[in-house]
Structure formats: structure tokens, C-alpha cells
Amino acid sequence: MRILTNSSHCADIREYGGAKARGLYDLADAGLNVPRWAVLGTDVYRDPRTTGQVGDRLAELLGMSTVDNLAAVSARIADLFAELSLPGAVIELAEQAYHHVGAARVAVRSSGEEEDGSEFSFAGQFATFLNVASVSELCERLKSCWASVFSERALRYRLEHGLPPHGAACAVIVQEMVDSDRSGVLFTADPITGGRDTYVISSVYGLGEGLVSGAVDADTITLEATSGAVVRTVIGEKRERFAAGTTGSGCAVVPVPSAERDLLSLSDKDIARLREAGARITEAFQAPQDIEWAIADDSVWILQSRPITTRQPAHGEAVVAEQAGDGEFRIWDNANIIESFSGITSPLTFSFAADVYARIYWHYAKDLRVPAAQLRQMDDWLPHLLGHFHGRVYYNLLHWYRMVRLAPVYPLNRKVLEASLGVDEPLADDVAESLYPYTFSSPLRRRWSRTVTTVTFTKRFLSMNRLVRQFIRYFYRAYREFDNVDYDALPGSEVYRRFRSLERELIAKWGPMMALDASLLISFGALHLLTKRWLPDAPEWFTPAIANPGPDVESAEPARALLELAATVRADPELTRLLTTTSPADIREALAGNDFLAAIDDYTERYGYRSADELKLEVPDLREDPTSLFTMLRGALAEPPATSTDEAEAYLREHLRGPRRWAYEVVRRKTRSGLLNRERLRFCRTRAFGSAKRMLRAMGRDMARAGVIENWDDVFMLRLAEVRAVFENPAAIPDLRKLVAVRKRQRLADEQLRAPSRFETTGSDYAPDILAHAGWATGDARRTGVRELRGTPSCPGVAEGPAVVTDSPLNVDGGILVTYRTDPGWVTALPSAAALVIERGSPLTHVAIVARELGIPTVVQVSAVTTEIRTGMRVRIDGGAGTITVLDEGKESVG
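So for the sequence shown, the numbering used here puts the first residue at 48; every next one is plus one.
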């Protein structure tokens, strides 16, 4: 037996040093500034003269351990090690180690063979002791480190992961104590998602024990990995600092002066040095790292480094959803989100959307002046606003109620949220009232923060029109720069750089605009309450109709432009013949030399990003595939239905006058402007997704040329973090070809499943049998033969005709358009539809708003309508009553 040091042979370190010692050895070898250290190796632990004394009794206790008695077993094992009588040779080794590192105050750390693995980290489960001041105390701490291999936490960890209870051998590190001014942890990847585009630094004053124990509210700095630019800073309260005790071992807790608490504990120089050290360490270990560091006397010390073991879903895993605690209840609902992400949605689209949602709403909360500590609490659930089950996207609904609670008037807002999303079931009052976005340490803090947030929100509410105008001016300046680029002509690395710039420049600015959605919930809710009170006999469709934003709504522009194109075609018999007799794939070629082609190109230039499934990155837009435009234009050749939105106005004039009418109009104008602004912003969102779509397609082509993936469109089978890794750390990426193949096979299986619109889970068990019980099944749903269905009236009017049940806004040809869901790209199908029926949606969805503006009878939220109605049935739609009546079963045809 001998101590191991930095001058020992690397083979001995690897065999006897344990994981932490191997890391220290490699850090020093890479030239990092590491405090002096020495190790009593695993050969000391295994020596019959040491742990051999307790071998039989230890085996007996481990053999009797169960999930219910781990605490008692661990305590008895700790007593065994405490009673160990260390042989003289071990005490001599301890003395050598103590003097090697300076014979003053030392840190004593376990270095288990099990620790810091790529799959199982055992992070924080083995013992560390700070400020140890004598050889005799070191010997006692040595025994405690050995005993910590069998702590209750370590035993439970092994049990939960199917590992043997006896564990592996444990070495013990004796390291020079750094009495730090500041200390903390540096992650060279996102510790939650594993994304390699950011570094995250947590920092406190004094020793790192305050951070590790959770006793001190740390500062958090997020950096862009490639440039080191600070992306986000959250200042913790830092009321206390842990310092080395001067009269004994352990730590002393010292108050931090109030003037320093609100200051960032790190300077720009410190941040730059830590980022440089992180890059060097990541390069040395060829994997993202969790690094403990300390700053003392203006020197940066690296105390230890381990791989980040952020859980990544297994290849082929059918579910990407929040890892909830045991017994935690979740509601998953596709209402409204299916308007953006219908059917099977690619891993890239989902992960990109989830990332964007999380970061935008974080900036929204920050803009409302939510305190830093509470923002950190929101980091626990913001990345999980969406879930991905068997390729389908769902709202993690309870988190959206938490988000709504950021704004004032929560009881009203949550009810309007349910109406605007179109959920089938309102949330129970007791559950709704239990949901909060964050908590506070005292009622006084909670009341003060709520006051600040409410005042800030009120200012945004009153100035929303001006804020939206400012944002739209900014957006289009930035968008023109991103859109006017041939990304296929650029190297993939340059496209990726611009993609990161798109994320950085737009998301932070977009966050505050989320106050518009909250403002709209309040104003629409107020309008609904006034309607109920002052117009109690108004029809159900009245409130959304009277709130409609009017002819200036931007979402209606593509539909109007399509109607203009159709009018041009109807006026020209030769154009009509060509369009109706030529295959859509051949029309463009047939139009060569015709002036009408310029009108088509102009439409594509203005609205090419607006198409079915426009937010799904894997779906080509009209600029890439104009075929669908010709199909929709053919369907719009029939004379459009007469449009009239005067019925709601006439009802209002007849039934409400005087001061009440004036007050009603004030609320109505606020609601209409909110809806108009929302449509403008969602047009911006579509354009931003369109630019991202072009960039990611170009990156996919670059990856295919480099052989990283087989085909360029395989990029959509990757997650965003995996795409980022290709351009940031290609040496560390797995075999993406195999990963893509596994996910493609999984997609084929997922396509056979019928997805429920809403289901519930408890905990994180998303196994197939659990999901099957929640409503996932194979095969088509069975018809009941019902002759009349009822939904929510959205636009009044009566229409009869053949039903066209479709999941694509094509070939409607004057029929009754019946669909499970719509997205904004469906507005181009409206001119050819006599009426519209949507199974999942609400009167406030994009297409419903545009349908009202065009005067198309519309019914939404019609349960099972796409199961009960078949293409070819003759049906009557009453948009005012919200009914769909089957007149004739007809003969099913292809829609």
C-alpha cells in the first residue's frame, strides 16, 4: 500500500484511485490549476486489515436489506466502520497524505469506483468533509468515507437502478483546502436538457458547501458555448457565505453584507476565465462536464470534474414527457396545440418548439419582474410545457394554468383559457386553485412580488398596441436579414451560426409579447361577462362574432389573395381550362409565358410560408412545393359564398344602448385589437418558423454531404440538441444513422396508434400498458350511427352539401369541410368551403376567426365528428345553433 499523487504512474491512478482521483490526475495533466492532492487508494480499502474486519457482518447486513429498511441497515453499517481499528500502516499513509498536501487544513473526499460514470453518477451520494485540521481527524473521516458507500441514499440508488448492494471499492482523496472568495459549479452543457449550446455557471460567496447543500441562493449565469456571450443572468439572494472555521473543523456560516447580496458574485473576467477552463476541460475529457471550481486570491482552482449524466431518452423511446415525481398528477391535452402540430410530429419539430416555448415564456416572466429566485423555480417546469407521446404533441396542461397565473385575475383567466384552447373538460376548482408558478419564503415577499408583477402587467396591458407596433417593426427588420439568404449556398457551420443568431435575436424580444395573450384572456373574459349580464339572451356565437377583429385581420390575407387569383382564372376561359384539366404537378410548366405565372410567383413570395402544417419543420412550404397552391386554387374556382358579418352588429344595435353600450364598446375595442395583434404576431411566428425551417433543411443537406446522416431529410428524426452537437462537438456525437433508423421504425409503429385527445398520468410511468389504459389504441374508432351532432357555434349561417372529411385542406370543391383540426395554413381552403366543422378547436382559433370574417358557417368542438361523418354524406350545418345533421348517408367518396 502507498499513497497516490500527481507524480504516480497513470496506470496506478486508474487502477486504485477511483473516479474522482482519475479526474484530478487528468485535470492536472491537461494543465489545469488543481489544489495539491494525495489518495489512499482502493487497495487500502480492500486490505484485509481494514474493511476485512467488518466483511462478514457487512455482507450479512446487506443481505437482509430491503426497500423498507435501508435507513436502519445504513446506520448499523456506519457504526461498524466507526468502530474499525485502523492498522498502523494505514495511519502512516494518512499522515503521509496529510503532509504531502501541506499539513494544514484539508478536504477529504470519497473517490468511489462507481462514481461519475457515463450512465450512473452517484453524484453527491458519497461523503466529503471540509476543513479537516489534523491526522487523527483525517483517520476518522477516512472511515466515514468508506461507510458512505453504504449510505441510505447510495443503497437506494443501487436498488432503483438494479445494481448490486455491496457496491465497489472506495478510495479517499486528501486535498489542499482552498479558502475561496467565491466558488461554485460550471456545467459545460445544459444540465436539464443536455443541450451543448450553453454553459451554466452557479456561483456563491465563500466555500461551495453553501451551494452544494442548497443553503445559499446562488447566482446563475448562462453563456453561449461557442462565443462565451452571456445569455442570461439571475442574481441569487446570497444572504450567507460558508467559510473555513478558524477554531476547528467544518465550516462557519457568515452573513453577507446587504450591499453585496444583490451584486453578481463574478466579474466579467471571472466568467471569461471559467468559460475558458470549461472549454479546456470538455476538450480534455471529450464530453460535457460538471465542474466544481473555486476562486481564491484571484486564482481559479478546479476542485473536481465529472461527466454530466443528464438523462437522454433511449433510442426508439416512444415518449418524451416530463419526469414527474411519484404520485404527481399530469393532464395531457391536444386542444389547440393540434392546430400547430397535428398527427405525427418529428423529433426535431417537437424539440425545437419545446425549447422556443420555454425560453419565450421565461423572458415573459422576467419582463413582468418576477424575482430571480422564482425564475429559477420556473426553470423546473418551463421546459415541459409540451409533451411528445408516440409522435403526438400535447399540452402539459397544468403548467399552462401555472403560466396563466402570472397575470392578474386568475379565476377569470383560467376559464377563458379553457374556452380559447377548446378543452373538453374544465379543470376542477380545487386543482386549479392549487397551481402556482412559484412559491415564496414568506407571505410578505409573496404580496410584494405580486404587487410588482400586477403593476408591471397593468402597464403592459394599457400600452399593448404601442408595444406590438414596436415589436413588429423590430421583427421585420430582423426577419428581412434572415429571410433574404440562400442558405443552401453557405457552409453548414455558417448556417448554424445564423440559426443560433435567429434564436438569440428573436426569442428574448418575443417573450414580453406574451403579455398580449394574457391581456386578451382578460379583455375577452370581461366582454363575455358583460354579454352575459347585459345581453343574457344573446346567441352562443355572439361574443366571438362581435369580438372578431374585422377585415384587417392579417390571417385572412392569403385567403383573400387566393380569391383574387381565382377571380382572375374564372374571367379567362383558357386559364380555367388549363387549371382544371392539367395535373397540379404540371401546371407551372404549362403556364410558362403566361402573365398569370407572375401573379402566382407574387403570391408565393408573399405567402409561401403559409401552408398546411406550416409550423412542422419537416413539411415543405409553398416555396419549396407549390403543387398544393394549384390544388387549392382549383378548389376556389367555385363562386365564393356570400359573406356577411352584420348579424352580430345588428343584434348589438338593437339590444344595447346608452352608457352600457359605450362601456361595452370600450371592452370590445380592447378585445378586437388584442385579437388583431395576436394574428399579426402569429403571422410573425409563421415567418420565423419558415426561416428556421430553411436553415435546418440546409443544415440537413450539409450533414448528409458529410455522411453524418444518410439522407438530408433524416435531420427531422433528430432532436435539436443532437443537431447542435453535430456543429459544436462532432467528435462526441453517437452514430446518428443508427439512431435515425431506430426512430423511423418507431414512427411506423406509432402511426398505427389512435391517439386520445386528452389523457391523464401519475408519476413518470409512460409504459405502453399505462398509455393503453389512458386511451392509446390501434384501429379506427367505431361509428355509433348518430344522426345529429352538436358543438360550439362559431359563425352563424346554414349550409347543406356533401361532407368532405379530410386531414388536408385540399380538394374541398364547395363541400362541407369536416376535419379533426386546422392550422393557420387552412385559411386558403376556406374560399372553396360552403361550411366548416372542426372537431378540436375553439371559436378563437385562427381559422375560426377568418371563417367568421368570410361569413362561412362554422361549428367547432364537435366531439367524434370525424368518426361519425364520412366523406360523401349529405349534411346540414347550422352555425348559429352549433348542429350538424346527417341528411343522407350517401356513398363514400375520396376527399
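Glycine included, every Cβ here is placed at the ideal spot set by N, Cα and C.
How is residue i classed by DSSP in three states: helix, strand or coil?
i    : result
R49  : coil
T392 : coil
F730 : helix
T235 : coil
T839 : strand
H213 : coil
Q799 : coil
P484 : coil
E160 : coil
V114 : coil
T273 : coil
V959 : Missing from the structure shown is residue 959; the chain here goes from 48 to 942 and no further.
G848 : strand
A772 : helix
Decide if residue i is buried, meaning its Cβ has at least 16 other Cβ atoms within 10 Å, or exposed.
i    : result
L310 : exposed
A58  : exposed
H56  : exposed
E847 : exposed
A290 : buried
S946 : As displayed, the chain neither begins before 48 nor continues past 942, which places residue 946 out of reach and without an answer.
Q370 : exposed
S398 : buried
P878 : buried
Between the C-alpha atoms of residue i and residue j, what's the straight-line distance to the nearest angstrom?
i    : j    : result
L258 : Y543 : 35 Å
D414 : R493 : 17 Å
V912 : N512 : 38 Å
T52  : T267 : 34 Å
A585 : G927 : 11 Å
R972 : G655 : Nothing about residue 972 can be reported from this structure: the residues present for the chain run from 48 to 942 only.
I924 : R792 : 41 Å
L684 : V933 : 27 Å
I647 : P849 : 30 Å
R607 : C731 : 19 Å
E142 : N178 : 16 Å
L79  : R353 : 15 Å
P430 : E769 : 17 Å
E107 : V120 : 10 Å
I756 : G597 : 48 Å
D782 : L765 : 12 Å
L786 : R744 : 19 Å
W193 : G754 : 48 Å
K285 : T269 : 18 Å
F806 : D812 : 13 Å
Just to confirm the assignment, what range does the alpha helix (DSSP H) spanning residue i have?
i    : result
H147 : 135-147
G110 : 102-110
E701 : 693-702
P458 : 457-468
Q424 : 419-425
N531 : Unbroken run through N531: none, as it is neither H nor E.
W581 : 562-581
E32  : The structure shown has nothing for residue 32, since the chain only spans 48 to 942.
Does the separation of the CB atoms of residue i and residue j fall below 9 Å?
i    : j    : result
K579 : T392 : no
A479 : Y441 : no
G255 : L350 : yes
F436 : L728 : no
F176 : G159 : no
L109 : T98  : no
E323 : R547 : no
T869 : E339 : no
L553 : R545 : no
L474 : L445 : yes
A881 : I863 : yes
R229 : S312 : yes
Along the beta strand (DSSP E) that carries residue i, what are the first and last residues, could you check?
i    : result
R336 : It is Gln, not Arg, that sits at residue 336 in the sequence shown. Counting along the chain, the beta strand (DSSP E) containing Q336 begins and ends at 336-343.
P302 : 298-302
V263 : Segment: none, V263 is in no beta strand (DSSP E) and carries neither H nor E.
G434 : 433-436
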